[in-house]
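Accompanying notes for the structure given below.
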Amino acid sequence: MRPPRPDGPGIALGALAVRRHRWPAVVLLAADARIVLDPSVYTYYTASVLLGTLIWDSIGQRRLVPWVSWVALISLYGNALLVPSDSAQGFIRLAFAVGSAAYVLWWPQRTPRGRRRGRRAQSRPPSPSDGDAVEVPHQRAETPLMETT
47 MRPPRPDGPG IALGALAVRR HRWPAVVLLA ADARIVLDPS VYTYYTASVL
97 LGTLIWDSIG QRRLVPWVSW VALISLYGNA LLVPSDSAQG FIRLAFAVGS
147 AAYVLWWPQR TPRGRRRGRR AQSRPPSPSD GDAVEVPHQR AETPLMETT
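Here the numbering used here is used: the first residue of the sequence shown is 47, the next is one more, and so on.
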C-alpha cells in the first residue's frame, strides 16, 4: 500500500479556494497544508506561508495594512525567538496554519471599491434626441490633417 501524497491536501484546499473565488489564497493554503502534515520548525515552510499571506493581503483583501502577513510574521518567526520548546513551536505553527486556512476560505471578503453598496450611481451625460446637437465642451475640435506631397 502506497503512502498518501503530501501534496494532496494542498491541491484540495487550492481547488476549494478557486471554487470559492478566492484564488489569491492558493499559495497560502498549499503552505498551510504542508505545515499541517509536518508542523516541524523548518524556515523554508515559513517563507512560503509569508509569501502566501502577502499575496492574500495585497490581492485577496486589498488592505492598506497587511494584517494577515503581520500575524504570520509574529506567530511564525516570533515564536522561534520566544518559545524554547520545539513541541510548543510546532503547536503554534499548526494553530496558525489551521486558523489562516479557515480565515481565507470562510471569512467574508471585502467588496471591491467600485461595487460597494450605498454609492451613488454615476450620472450619464444627456443623450441627443431626435437629431438635436449636444455640444460637449471638454472635447477638442478636430483639426484637418495636413497632406504631404
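We put the CB at the ideal spot given by N, CA and C, even for glycine.
Buried or exposed, going by whether 16 or more other CB atoms sit within 10 Å of the CB of Asp-198? Any answer about residue 198 is impossible in this case: the structure gives the chain only from 47 up to 195.
Rank Ala-93, Arg-66, Gly-56 by C-alpha distance to the C-alpha of Pro-154 and give the top, closest one. Nearest option by C-alpha distance: Arg-66.
Would you kindly report the start and end of the unbroken alpha helix (DSSP H) that includes Gly-136? According to the DSSP assignment, Gly-136 belongs to the alpha helix (DSSP H) that extends over 132-152.
If you follow the alpha helix (DSSP H) that Pro-70 is in, where does it begin and where does it stop? For Pro-70, there is no enclosing alpha helix (DSSP H), as DSSP marks it with neither H nor E.
Local Cβ density within 10 Å of Val-262, reported as buried at 16 or more and exposed below that: Beyond the ends of the chain as shown, which are 47 and 195, falls residue 262; an answer cannot be given.
Where does Gln-155 fall in DSSP's three states? The answer is coil: DSSP assigns Gln-155 none of H, G, I, E or B.
In whole angstroms, what separates the C-alpha of Ala-148 from that of Leu-127? Straight across, the Cα-Cα distance linking Ala-148 with Leu-127 is about 26 Å.
Which residues in the same chain as Pro-55 place their Cβ atom closer than 6 Å to its Cβ, once the five residues preceding and following it in sequence are excluded? Cβ neighbours of Pro-55 beyond the five flanking positions: Ala-79.
Use the C-beta contact count for Pro-70: other C-beta atoms within 10 angstroms, 16 or more gives buried, fewer gives exposed. Label assigned to Pro-70: buried.
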